[in-house]
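In the numbering used here, the protein residues as written are 4 to 280.
Glycine is no exception: its CB is placed at the ideal position from the N, C-alpha and C atoms.
Below is one structure, written out as structure tokens; the observations come after it.
Below you can see the structure in the form of structure tokens.
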């Protein structure tokens, strides 16, 4: 009788615990779906690097930096900055749109100023941002004071060994003020690329109104269309390792110029990529 009561007691506890969990899952939305996943799969403790070529923290830092940011020839910037007269003036609507996409929960590192503060500043006096950012757009220039960043190394889960820098990945935290302009310029680049016909019909990433869902639907439609007349179909997926990290500044600037991108945008992109730390 005691065993039956004990079993019923623990069963009641288990049922009480499962009830809110089931209720949470039934009401799950796309916004909190990853929260449910994090509850279901507990995270393993992070693995600390044990690099053979590094015995001190300073040596470990240098080895990881050399792996993540390999040395390359410096890109020479124009000796004298000059304003581009044909650069469209910055508008308060562009600044407000950029700030609306900035999450207040993003880490305010390294400047320590959260996006919520910048949103309040813009709400009180939007002319302040116009005065600070307009000149950078006109000159096609990104100052060195905004290029510094903090890198946080995270271990890649499931690696058999953590004795190689390749077993880790980095998250780069950039100044929040810099990110405001970094959202405005890509929007202008997108408009210029579309007007010049530079975008491939199958391009989905980084385009407003398109997503991975659209890419999957397009692939699914193409496969089904070819399978109807009994044609065999194969798909090849490529993952280019460290593609963005190894973009050559000079080559990118040449491609942008040849594509007809406005000079002030080409100059800003080159300035943004150069002399980073």
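Contact check for residue 269 and residue 259: beta-carbon distance about 5 Å, within the 8 Å limit, so the pair qualifies. Cβ contact annotation for residue 252 (same chain, cutoff 8 Å, sequence separation greater than five): 78, 273, 276, 277, in chain order. Collapsing the DSSP output to three states places residue 112 in coil.
Distances from the alpha-carbon of residue 152 to those of 177, 158, 171, 237 put 177 closest. Residue 26 has its alpha-carbon roughly 37 Å from the corresponding atom of residue 175. Going by DSSP, residue 141 is part of the alpha helix (DSSP H) stretching over 129 to 142. Pairing residue 102 with residue 65, the inter-Cα distance amounts to about 35 Å. Below 8 Å, too few C-beta pairs join the stretch 199 to 214 and the stretch 138 to 154 to call them touching: fewer than three. Spatial neighbours of residue 107 in its own chain (CB-CB distance under 7 Å, excluding positions within 5 residues in sequence) are listed in chain order as 117, 118, 119. In the DSSP assignment, residue 155 forms a beta bridge with 174. For the 8 Å CB-CB criterion, residue 93 and residue 124 do not form a contact. In the displayed model, residue 85 falls within coil according to three-state DSSP, outside both helix and strand.
Take residue 167, set aside five residues on each side of it, and the residues of its chain with a beta-carbon closer than 8 Å to its own are 54, in chain order.
For residue 179, the closest alpha carbon among the candidates 60, 19, 110 is that of 110.
Secondary structure within the stretch 212 to 260: not one fully enclosed beta strand (DSSP E) run of 3 or more consecutive residues is present. Rounded to whole angstroms, residue 67 and residue 183 show a C-alpha spacing of 29 Å. Rounded to the nearest angstrom, the gap between the Cα atoms of residue 137 and residue 130 is 10 Å. The C-beta distance from residue 142 to residue 86 rounds to 6 Å, short enough to meet the 8 Å contact threshold. Residue 271 is positioned such that its CB atom lies closer than 8 Å to that of residue 145. Straight across, the Cα-Cα distance linking residue 60 with residue 24 is about 43 Å. The Cβ atoms of residue 237 and residue 158 lie no closer than 8 Å to each other.
The distance from the Cβ of residue 265 to that of residue 88 is about 11 Å, inconsistent with a contact at the 8 Å cut-off. Taking all protein chains in view, the Cβ of residue 172 is surrounded by fewer than 16 other Cβ atoms within 10 Å, so the residue is classified as exposed. Burial is judged here by how many other beta carbons sit within 10 angstroms of a residue's own beta carbon; residue 28 has fewer than 16 and is exposed. In the structure shown, residue 180 falls within a helical segment according to DSSP collapsed to helix, strand and coil. In this structure, residue 104 lies near residue 186, with their beta-carbon atoms less than 8 Å apart.
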